[in-house]
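**Q** What follows is a single structure, and I will ask about it in a moment.
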Amino acid sequence: MGTSEDAPEVLTRFHSHMDLVDVIARQVVRELGRVVELEDLRSMGHQGLLEAARRFDEAKGASFRRFANYRVRGAMIDGIRKGAPLPRRAHARLRSLEAALLVSEAAAEDAPPGSMPPLGAVASEQRLSDHLADMATAMAIGLLAVPTVGEEGEATALDLAHTPEEALEEAEVRQLVLHALEDRPDDERTLVRRHYLEGERFDHVAASLGLSKSWGSRLHTRAIARLTKRLRPNIR
């Protein structure tokens with residue numbers, strides 16, 4: 144993979160991190176089950192890795208492997224979404240993984256290595272705890288996304304029936320989220336409602352709000368952090 148037009152450093156980055164694709168592909172299979180073949184995931188991941196190798200900017204301070212991790216995961220998520228419809232449970236898990244990726248990627252972009260003085264042990268532990276809590280909130284809300292047909296026409300989920308217990312739990316969490324959003328700014332409320340509760344693609348929602356993906360990610364991170372404080376006693 145790669146073309147004769149790619150610079151030597153691009154090809155070096157790509158070939159020296161091929162193992163990352165296999166690691167992430169196996170993690171995705173563990174999360175979603177055998178709803179997608181491992182070889183298909185590897186193919187998606189290779190495309191993401193090549194794109195990461197082409198876009199990487201050393202001046203931003205992050206390591207290439209860290210940068211590529213998000214791009215490879217994102218390529219797999221996009222590829223799965225555009226494929227055959229998934230069972231509802233697998234679709235929900237996919238949206239949950241996507242939510243966690245949004246939180247982690249935005250956090251990495253906001254705080255690249257070397258941009259801030261070292262934190263003490265207590266502050267570092269608190270930052271990690273807050274980050275993990277935000278990821279847990281995003282993943283829990285991500286499970287609420289309703290099955291839809293995407294704006295580009297791709298089916299995203301097979302609407303298989305919930306068990307009564309699952310339906311009740313989802314309804315309870317949905318109401319908690321809606322209540323927590325009531326006093327949030329319009330852009331935060333709209334982003335969370337349309338992406339998580341109505342199942343629209345994140346980039347489409349951000350674009351409709353006049354936001355770049357980067358600014359949309361920052362707004363998302365802020366909204367999730369505030370929701371975490373409101374929902375932490377209720378979401379496990």
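Under the working numbering, the sequence shown has 193 at position 50, and the numbering climbs by one with no breaks.
Quick reminder that beta carbons are idealized off the backbone N, C-alpha and C, glycines included.
Please determine, among LYS356, LEU237, THR155, ARG337, the residue with the shortest C-alpha to C-alpha distance to ALA195.
**A** Per the Cα distances, THR155.
**Q** Is GLY191 near ALA150, with beta carbons less than 9 Å apart?
**A** No, the Cβ-Cβ distance between GLY191 and ALA150 is not below 9 Å.
**Q** My output table needs one value for LEU229: the three-state DSSP class, helix, strand or coil.
**A** Strand, per DSSP.
**Q** In angstroms, rounded to a whole number, what distance separates the CA positions of HIS347 and GLY359?
**A** The straight-line gap from Cα to Cα measures roughly 10 Å.
**Q** Kindly list the residues whose CB is nearer than 6 Å to the CB of GLY222, restricted to its own chain and excluding five residues on each side of it in sequence; keep chain order.
**A** Once the five neighbours on either side are set aside, the close Cβ partners of GLY222 are MET187.
**Q** Which residue marks the beginning of the alpha helix (DSSP H) containing LEU181, and which one marks its end?
**A** First-last of the alpha helix (DSSP H) with LEU181: 181-198.
**Q** Could you pull the start and end residues of the alpha helix (DSSP H) that ALA368 belongs to?
**A** 356-374 is the span of the alpha helix (DSSP H), which, as asked, contains ALA368.
**Q** Could you check where the alpha helix (DSSP H) with TYR213 kicks off and where it finishes?
**A** Start and end: 207-224.
**Q** Between the segment 229-236 and the segment 347-357, can you find at least three pairs of beta-carbon atoms closer than 8 Å?
**A** Result no; under three Cβ-Cβ pairs closer than 8 Å.
**Q** May I have the straight-line CA-CA distance separating LEU319 from LEU340, to the nearest angstrom?
**A** LEU319 and LEU340: Cα-Cα distance of roughly 12 Å.
**Q** Of the choices ILE220, VAL215, VAL164, LEU362, whose alpha-carbon is the least far from that of PRO328?
**A** PRO328 has its Cα closest to that of LEU362, out of ILE220, VAL215, VAL164, LEU362.
**Q** Quick one: grab the DSSP three-state call for LEU262.
**A** At LEU262, the pLDDT of 47 sits below 50, so the modelled position is not reliable; the number obtained from the coordinates is stated separately. LEU262: coil per DSSP, three-state reduction.
**Q** Buried or exposed for MET282, please, with buried defined as at least 16 other CB atoms from any protein chain shown within 10 angstroms of its CB.
**A** Buried.
**Q** Short of 8 Å in beta carbon distance, which residues of its chain neighbour VAL172, apart from the five on each side in sequence? Order them along the chain.
**A** So the qualifying residues of the chain are VAL179, LEU181, LEU184.
**Q** Would you identify the three-state DSSP class for GLU315, choosing helix, strand or coil?
**A** Here GLU315 sits in helix by DSSP.
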